Amino acid sequence: MSKIAYVGPTIIGVATRNTIYSSIPDSLTEAAENAPYLLSLCVPISSLPAAMKQIADQKGYIYTFYRKALAYKASSE
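Here the numbering used here is used: the first residue of the sequence shown is 1253, the next is one more, and so on.
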């Protein structure tokens, strides 16, 4: 697997925003069992600028998953 970036919000104990991973961390895989959209926030490095633009522009599928992840974060705190 090539390197990926997690573009979702930081969720303590799960994943840190804008972190580059060689593989999806176990903590994120486990969280995705209840919230599968979290894996959609792991994008190939080549897609990082487009993903960040969707979040900045507040539109697109990445932004939709980002908003869901914010709700997940709030419920896990």
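Ideal Cβ placement from N, Cα and C applies to all residues, glycine included.
Owing to the predicted nature of the structure, the values given are computational and were not obtained by experimental measurement.
Around the C-beta of residue i, are 16 or more other C-beta atoms found within 10 angstroms, so that it is buried, or is it exposed?
| i | result |
| --- | --- |
| A1321 | buried |
| A1326 | exposed |
| A1287 | buried |
| A1267 | buried |
Beta carbon of residue i, beta carbon of residue j: below 8 angstroms?
| i | j | result |
| --- | --- | --- |
| S1306 | I1314 | A small correction: the amino acid at residue 1306 is Gln; Ser does not occupy that position in the sequence shown. A contact, by the Cβ cut-off of 8 angstroms. |
| A1302 | L1291 | no |
My guess is that residue i and residue j are in contact by the Cβ rule of under 8 angstroms, so how many angstroms apart are they, rounded?
| i | j | result |
| --- | --- | --- |
| G1265 | S1279 | 6 angstroms |
| F1317 | Y1273 | Not confirmed; about 17 angstroms, so no contact. |
| I1256 | C1294 | 5 angstroms |
I'd like to confirm the pairing. Which residues does DSSP put opposite residue i in its beta bridges?
| i | result |
| --- | --- |
| I1263 | A1267 |
| task | Could you tell me which uninterrupted beta strand (DSSP E) segments, each at least 3 residues in length, are contained entirely in the stretch 1270-1326, listed from first to last along the chain? | result | 1271-1273 and 1294-1296
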